[in-house]
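Everything below concerns the one structure shown next.
Chains as they are written, first to last, in this note's numbering: chain X, 1 to 150; chain W, 1 to 409.
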């Protein structure tokens, strides 16, 4: 067989296979927008500019849809010292849907030792959610985004 | 040649594996081997997943059976209306899922929105299409004074209770206040005569009448808490799926295909989730306006109203401590997304109750599903929907699935 013929016969194979694969994948892909692969679900993370190490403790595991949650945020400097009296704001949403949280959570108690109670967190759909903690203290202003899969 | 064919053969095998879970049924892929994710989504919609009734800390008598009994009588009592002809049950017909099957409700006059079903609303943090009330008891106060529903007023209502229900009322709430010296008709909300009489009452009198008014709502709410959804064909299917017994038990292939679309590419489960098939939040879905009805901004106005409602969870007539009012304390009260956003009703029994949407805009489920398929732009604000590109058979499958959510007698 010439190179050309080989190529031709490969294409003959490839076309229907590609079609079947596309139909198959299409059917699978349409079952809800898939979560991005390798989504980092860890609940202890460094803030974007590396100012803080932020930990999120959820009140339920797994976190449920529709319930009003109380989370605890623990804020440390990179060298592990608790960050006290920080000003925190919290928001979040669904990156794949372009909408925010259905509620407006906020810190309701400074628990001391760099721990803060956040109330009013709710998720109203299944899928990929983010929760972002914006922190300002003597150490600086920075934000940490957590991924949650519901 | 042989060697170079191997990758393509492998691709073919992969393609077949991908397709293995699907069988092709007249234009629809029927997924009979649910994935674990799909199974857990299906379980999340099942009645078995419904949590116990959440406590209502704002209503001390919420779970008192004597209050439920009094509430049931009040719910059905036409004497509470201005013309003696309208009860809650006039629009919320007990044998029609507590709704009336018409685009707009008919009381003393005509409402601007469609009557909502009541079953399961004890689980809803906000009531009405726009969520302008934050409890069942505060909700019940609205129609009593609305000019187009009962058309009554606070002193008239307190008198009716004193005449017809004194014993039952006082057993629950303590002695009724002295009413004989008060105007026949007075309220801050009613018609102009009632409105002008209200400020002439002393603050103590107004407070006492408000309390009776709130207690009427609390008794009605205790009754409404007993109105619960019942098992459907879908729930039995979901249970057998969970138990691993005969997965196709009870649902036809078309209905199963519809379920797959509901939890999959139809995106329905984004907003219609949980065992009541509503997320109890507010969404703009581009439902058209109705000519002749006043401008309706949905949640944009409802959010402001519930915050300022004297009968809300934080108000003086509530039995809750303000920190318990988490829904109200952490609600979103402004933003573009509130404009023409409405609460999705529970889809349980939906096939049995046309017309649909907040002013009965659609006459059939077919019109509803075609609306979602097309996802037209919203008349105001922005629709959250995107076109679905479902074919006719898929549109029908979705409707067939919705009918499996009906209770059978």
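Beta carbons are placed, not taken as given, at the ideal position from N, Cα and C, and that holds for glycine. Treat the numbers as computed from the prediction; the structure is a model and nothing was measured.
Following the DSSP letters along the chain, one finds residue 135/X inside the beta strand (DSSP E) bounded by residues 128-137.
Along the region 249-279 of chain W, the positions whose C-beta sits under 8 Å from a C-beta of chain X are 260, 263, 264, 265, 267, 269, 270, 271, 273, 274, 279, read in chain order. DSSP places residue 76/X within a strand segment (E or B) once states are collapsed to three. Only those residues of the region 322-339 of chain W whose C-beta falls short of 9 Å from the nearest C-beta of chain X are listed: 323, 326, 327, 329, 330, 331, 332, 333, 335, 337. For residue 109/X, the enclosing beta strand (DSSP E) stretches over residues 106-112. The continuous stretches of beta strand (DSSP E) do not include residue 390/W, and DSSP gives it neither H nor E. CA-to-CA, the gap between residue 105/X and residue 53/X works out to about 21 Å.
Residue environment: residue 182/W is assigned as buried (16 or more neighbouring CB atoms within 10 Å of its CB, all protein chains considered).
Put simply, the backbone Cα of residue 140/X is about 53 Å away from that of residue 143/W. Per DSSP, the continuous alpha helix (DSSP H) segment holding residue 253/W begins and ends at 253-263.
Contact of residue 61/X with chain W is not assigned, every C-beta pair being separated by 8 Å or more.
Residue burial is scored here from C-beta neighbours: residue 336/W has fewer than 16 other C-beta atoms within 10 angstroms and is therefore classed as exposed.
Interface with chain X (8 Å Cβ-Cβ cutoff): residue 293/W is excluded. The beta carbons of residue 108/W and residue 145/W sit no closer together than 8 Å. Taking a 10 Å sphere around the C-beta of residue 134/W, we find 16 or more other C-beta atoms and assign the residue as buried. Straight through space, the alpha carbons of residue 82/X and residue 127/W are spaced by roughly 43 Å. The bridge partners DSSP lists for residue 90/X are 133/X.
At the C-beta level, residue 84/X and residue 114/X come within 8 Å of one another. For the alpha helix (DSSP H) assignment, the uninterrupted runs of no fewer than 4 residues enclosed by the region 321-389 of chain W are, from N- to C-terminal side, 326-329, 365-374. For residue 161/W, the enclosing alpha helix (DSSP H) begins and ends at 154-164. Per the Cβ contact rule, the region 295-305 of chain W is in contact with the region 337-352 of chain W (3 or more Cβ pairs under 8 Å). When only Cα atoms are considered, residue 313/W and residue 408/W end up about 36 Å apart. Straight across, the Cα-Cα distance linking residue 219/W with residue 325/W is about 20 Å.
Our two residues, residue 123/W and residue 78/X, have alpha carbons roughly 44 Å apart in a direct line. The DSSP-derived three-state label of residue 121/X is strand. With fewer than 16 neighbouring CB atoms inside 10 Å of its own CB, residue 392/W falls in the exposed class.
Residue 91/X and residue 36/W have their C-alpha atoms some 30 Å from each other. Of all residues in the region 119-135 of chain X, only 119, 120, 121, 122, 124, 125, 126, 127 come within less than 9 Å of chain W when Cβ atoms are compared, listed by chain position.
Taking the beta carbon of residue 80/X as reference, no residue of chain W falls within 9 Å; the closest one sits roughly 32 Å away. Contact annotation: the region 152-161 of chain W touches the region 210-224 of chain W, with at least three C-beta pairs closer than 8 Å. At least one CB atom of chain W sits nearer than 8 Å to the CB of residue 102/X. Taking a Cβ-Cβ cut-off of 8 Å, the neighbours of residue 41/W in chain X comprise 126, given in sequence order.
Taking a beta-carbon distance threshold of 8 Å, residue 150/W does not count as an interface residue toward chain X. The residues 134, 280, 327, in chain order, have a CB closer than 7 Å to that of residue 125/W in the same chain once the five nearest residues on each side in sequence are set aside.
Residues of the region 45-72 of chain X that bring their beta carbon within less than 7 Å of a beta carbon in chain W comprise 65, 66, 68, in sequence order. At a cut-off of 8 Å, the C-beta of residue 281/W has a neighbouring C-beta in chain X.
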